[in-house]
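Peer 1: Convert by adding 62 to the 1-based position in the sequence shown; the result is the number in the numbering used here.
Glycine included, each C-beta is placed from N, C-alpha and C at the ideal position.
Have a look at this one before I ask anything.
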Amino acid sequence: MENNCGHQMYELIKELFPFCRSITGNGVRKTLAVIKKFLPGLTIHEIPTGTECFDWTIPNEWNIKDAYVEDENGRRVIDFNKDNLHVLNYSIPVNKTVSFEELDQHLYSRPDMPDAIPYVTSYYSPRWGFCLSHNEREKLGKVNYRVVIDTTLEPGSLTYADLIIPGEQKEEVLLSTYVCHPSMANNELSGPAVTTFLGKWLSSQKNRYTYRIVIVPEMIGAIAYLSKHLATMKERTVAGFQLTCVGDNRAYSFVPSRKGGTLADRVAKHELDYRIKEYIKYSFLDRGSDERQYCSPGVDLPFVSITRTKYGKYREYHTSLDNLSVVSPDGLQGALDVHCNCIRILENNAIYKVTTLCEPQLGKRGLRSTIGALDFPMQARQLSNFIAYCDGTMDLISIAETIGVYVLDLLPLVSQLREEGLIGKVG
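Here is the structure:
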């Protein structure tokens, strides 16, 4: 990928940051409309309220115009227009005057992070509320307040988008991300930004696999999508990746599939082991995003997550501190490069078999020096080692790990050996 993609992704995040998103509503539609400018083939879908999706039902659509708390002097002490995390996401409408004691029962803050506004939701239980920093909460006087939450909760739809990029084969690679949080940069917007530029890259080249890009509200959106496409996805998906929290420039992290050992697990682990080396390995017990749905029993897609600092493991997570300073062009570029390499590994992975018995004569083909020496050049050693395991039973990833080589570094050797007719693809 071009190095300036990091800056372009950062600018996309800046554009999307002000939108107030939730699991339904116009914030999601506005976000997807911007992404569609980068991915013209993206198709935006609506699932009506009340639609049954496995054990879930699409809820009423939520939209918000304004929300604030006003003191007796008409001063707004909490204002949605200053930060859209100030309102409890999915709040029911309210317009009344309340005592401090009643208001206090509807306030959410974090004493452990006194300067941060927490992100709090109530999607499936009707309630109203406001979120604010604990320091601001402590300043509230014990007087009466006017509370206004100008929202609607009424039949509508859940909005999501997908893009199918056809390849030479019908087998698919799934790339999934979510749009359902308000203004949080790393947790909410880094995933869609990196996914968008992965989609641009994939759309510009000829691919072996078909790529299914899915942009949904987290959890309910993935469940809804699976309820519509499960049969096809179970039949065709060879590997899948969840893109979330990929914008900071700290650690890399890996969450495997539920049972491990899938092609997606092998590709991700190989890329991280050889390119990143130092990263944090989690178990599926540490899951928290849509790998919960894609790896659930009965679905069991080969699906993993490569993040930078994993959700829930960085201090700013789910607060107003997850702002534009948490993500960076370098962090985004690094995540994009890692996922592009995973795709390159998938695209080039295959099983090969040598066409001769015993070692082929490499010298006469110019693949090895014809002068014997004590030193055995590294490239010649890699070539010899590769041939030794090229028996028609091991794919490139397996051979690379057996001989201790990054799999993409084997591709020039594969090309040379194929040109000389010394190996052939199996299957």
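Spell out the partners DSSP gives Lys487 in its beta bridges.
Peer 2: As a working note, residue 487 is residue 425 in the sequence shown. Lys487 pairs with Tyr414.
Peer 1: Are the region 331 to 340 and the region 414 to 422 touching by the rule of at least three beta carbon pairs closer than 8 angstroms?
Peer 2: Touching, no.
Peer 1: Please list, in chain order, all residues of the same chain as Cys193 whose beta carbon is under 8 angstroms from its beta carbon, the five residues on each side excluded.
Peer 2: As a working note, residue 193 is residue 131 in the sequence shown. Answer for Cys193: Leu147, His148, Val149, Leu150, Leu169, Tyr170, Ser171, Ile179, Pro180, Tyr181, Val182, listed in chain order.
Peer 1: Quick check on DSSP: helix, strand or coil for Val469?
Peer 2: Locating residue 469 in the sequence shown gives position 407, counting from the first residue. Correct three-state label for Val469: helix.
Peer 1: Please report how far the alpha carbon of Arg406 lies from the alpha carbon of Thr257, in whole angstroms.
Peer 2: As a first step, residue 406 must be located in the sequence shown, where it is residue number 344. As a first step, residue 257 must be located in the sequence shown, where it is residue number 195. Distance between the alpha carbons of Arg406 and Thr257: 15 angstroms.
Peer 1: Output yes if chain D places a C-beta closer than 7 angstroms to the C-beta of Lys343; else output no.
Peer 2: Among the chains in the structure shown there is no chain D, since it carries only a single protein chain.
Peer 1: Is the CB-CB distance between Asn248 and Asp384 below 7 angstroms?
Peer 2: Residue numbering aside, residue 248 sits at position 186 when the sequence shown is read from its first letter. Residue numbering aside, residue 384 sits at position 322 when the sequence shown is read from its first letter. Against a cut-off of 7 angstroms, the Cβ pair of Asp384 and Asn248 comes out as a contact.
Peer 1: Hey, could you find the ends of the beta strand (DSSP E) His332 is sitting in?
Peer 2: Within the sequence shown, residue 332 is the residue found at index 270, counting from 1. Not the beta strand (DSSP E): His332 falls in the alpha helix (DSSP H), residues 325 to 333.
Peer 1: Let me check understanding here. Comparing Cα to Cα, which of Phe116, Gly261, Ala462 lies closest to Lys98?
Peer 2: As a working mapping, residue 98 is identified with position 36 in the sequence shown. The residue with the shortest Cα to Cα distance from Lys98 is Gly261.
Peer 1: Starting from Lys158 and walking both ways along the beta strand (DSSP E), at which residues does that stretch end?
Peer 2: The residue given as residue 158 occupies position 96 in the sequence shown. Run containing Lys158: 156 to 160, per the beta strand (DSSP E) assignment.
Peer 1: From Ala95, Pro364, Val96, pick the residue whose C-alpha is nearest to that of Leu408; which is it?
Peer 2: As a working mapping, residue 408 is identified with position 346 in the sequence shown. Checked all of Ala95, Pro364, Val96; the closest Cα to Leu408 is Pro364.
Peer 1: Consult DSSP for Tyr207 and reduce its assignment to one of helix, strand or coil.
Peer 2: Counted from its first residue, the sequence shown places residue 207 at position 145. Reduced to three states, the DSSP call for Tyr207 is strand.
Peer 1: What residues are listed by DSSP as bridge partners for Gln304?
Peer 2: Sequence index remark: in the sequence shown, residue 304 carries index 242 (1-based). Note: Gln304 sits in a beta bridge opposite Ser238, Ser367.
Peer 1: Mind reading off the beta-carbon distance from Asp310 to Arg370? Whole number of angstroms is fine, and I expect it under 8 angstroms.
Peer 2: Against the sequence shown, residue 310 aligns to sequence position 248. Against the sequence shown, residue 370 aligns to sequence position 308. About 5 angstroms separates the two Cβ atoms, so the contact holds.
Peer 1: Return helix, strand or coil for Ser153, following the three-state DSSP convention.
Peer 2: Sequence index remark: in the sequence shown, residue 153 carries index 91 (1-based). Coil.
Peer 1: Using DSSP's beta-bridge definition, name the partner residues of Ile277.
Peer 2: Translated into positions along the sequence shown, residue 277 becomes position 215. Ile277 is bridged to Ala223, Thr239.
Peer 1: Which value, in whole angstroms, describes the spacing of the CA atoms of Met456 and Asp352?
Peer 2: Along the sequence shown, one-based indexing puts residue 456 at 394. Along the sequence shown, one-based indexing puts residue 352 at 290. Looking at the two C-alpha atoms, the distance is approximately 31 angstroms.
Peer 1: Quick one: measure Cβ to Cβ for Ser252 and Val389, integer angstroms, because I've assumed they're closer than 8 angstroms.
Peer 2: Taking the sequence shown and counting its residues from 1, one reaches residue 252 at position 190. Taking the sequence shown and counting its residues from 1, one reaches residue 389 at position 327. Indeed, because the Cβ distance is near 6 angstroms, the residues count as touching under 8 angstroms.
Peer 1: Could you name each continuous alpha helix (DSSP H) segment of 4 residues or more that falls completely within the region 160 to 196, going from the start of the chain to the end?
Peer 2: Counting whole runs of 4 or more residues, the region 160 to 196 contains the alpha helix (DSSP H) stretches 162 to 166.
Peer 1: Report buried or exposed for Leu347, applying the criterion of at least 16 other Cβ atoms within 10 angstroms of its Cβ.
Peer 2: Here residue 347 refers to the residue found at position 285 of the sequence shown. Burial call: exposed.
Peer 1: Measure the Cβ-Cβ separation of Ile85 and Cys242 and say whether it is below 7 angstroms.
Peer 2: On the sequence shown, residue 85 is found 23 positions in, with the first residue counted as 1. On the sequence shown, residue 242 is found 180 positions in, with the first residue counted as 1. Yes, the pair counts as a contact, with Cβ atoms nearer than the cut-off.
Peer 1: Rounded to whole angstroms, what's the CA-CA distance from Ala284 to Glu108? Just pull it up for me.
Peer 2: Locating residue 284 in the sequence shown gives position 222, counting from the first residue. Locating residue 108 in the sequence shown gives position 46, counting from the first residue. The straight-line gap from Cα to Cα measures roughly 13 angstroms.
Peer 1: Per the contact definition of three or more C-beta pairs closer than 8 angstroms, is the region 112 to 125 in contact with the region 205 to 225?
Peer 2: Yes, since at least three Cβ pairs between the region 205 to 225 and the region 112 to 125 fall closer than 8 angstroms, the two stretches touch.
Peer 1: Flag this pair as yes or no: are the beta carbons of Gly323 and Arg270 separated by less than 7 angstroms?
Peer 2: On the sequence shown, residue 323 is found 261 positions in, with the first residue counted as 1. On the sequence shown, residue 270 is found 208 positions in, with the first residue counted as 1. Not in contact: Gly323 and Arg270 (Cβ atoms no closer than 7 angstroms).
Peer 1: Within 10 angstroms of the Cβ of Gln304, are there 16 or more other Cβ atoms? Answer buried if so, exposed if not.
Peer 2: What you label residue 304 is simply residue 242 of the sequence shown in a count that begins at 1. It is buried - the Cβ of Gln304 has at least 16 other Cβ atoms within 10 Å.
Peer 1: In three-state DSSP terms, what is Ser84?
Peer 2: The residue given as residue 84 occupies position 22 in the sequence shown. Here Ser84 sits in coil by DSSP.
Peer 1: Keeping to the same chain, check which residues put their C-beta closer than 6 angstroms to that of Phe79; ignore five residues upstream and five downstream.
Peer 2: Counting from one through the sequence shown, the residue named residue 79 turns up at place 17. Excluding sequence neighbours, Phe79 sits near Ser245.
Peer 1: Within its chain, find whatever has a CB closer than 8 angstroms to the CB of Val156; leave out the 5 residues flanking it on each side and keep chain order.
Peer 2: Residue mapping note: residue 156 aligns to position 94 of the sequence shown, counting from 1. Once the five neighbours on either side are set aside, the close Cβ partners of Val156 are Trp190, Val209, Val210, Ile211.
Peer 1: Express the C-alpha separation of Ser315 and Gln395 in angstroms, rounding to a whole number.
Peer 2: If you number the sequence shown from 1, residue 395 lands on position 333. If you number the sequence shown from 1, residue 315 lands on position 253. Distance between the alpha carbons of Gln395 and Ser315 is about 16 angstroms.
Peer 1: Under the three-state reduction of DSSP, which class applies to Glu481: helix, strand or coil?
Peer 2: On the sequence shown, residue 481 is found 419 positions in, with the first residue counted as 1. Looking at Glu481 - three-state DSSP - the assignment turns out to be helix.
Peer 1: Could you tell me the alpha carbon to alpha carbon distance between Glu463 and Lys426, rounded to whole angstroms?
Peer 2: Counting from one through the sequence shown, the residue named residue 463 turns up at place 401. Counting from one through the sequence shown, the residue named residue 426 turns up at place 364. For Glu463 and Lys426, the distance between alpha carbons rounds to 29 angstroms.
Peer 1: As a quick exercise: from Met281, Tyr287, Glu297, pick the residue whose alpha carbon is nearest that of Lys232.
Peer 2: Here the question's residue 232 lines up with position 170 in the sequence shown. For Lys232, the nearest C-alpha among the options comes from Glu297.
Peer 1: So Met246 is in the beta strand (DSSP E); what residue range does that whole segment cover?
Peer 2: For this step, residue 246 is matched to residue 184 along the sequence shown. It is not in any beta strand (DSSP E) - Met246 carries neither H nor E in the DSSP assignment.
Peer 1: Please state whether the Cβ-Cβ distance between Leu264 and Ala301 is less than 7 angstroms.
Peer 2: Here the question's residue 264 lines up with position 202 in the sequence shown. Here the question's residue 301 lines up with position 239 in the sequence shown. No, the Cβ-Cβ distance between Leu264 and Ala301 is not below 7 angstroms.
Peer 1: Just the C-alpha distance for Gly103 and Val276, rounded to the nearest angstrom, thanks.
Peer 2: Here the question's residue 103 lines up with position 41 in the sequence shown. Here the question's residue 276 lines up with position 214 in the sequence shown. Whole-angstrom Cα-Cα distance: 12 angstroms.
Peer 1: Within 10 angstroms of its Cβ, does Glu200 collect 16 or more other Cβ (buried), or is it exposed?
Peer 2: Taking the first residue of the sequence shown as position 1, residue 200 is located at position 138. With fewer than 16 Cβ atoms within 10 Å of its Cβ, Glu200 is classed as exposed.
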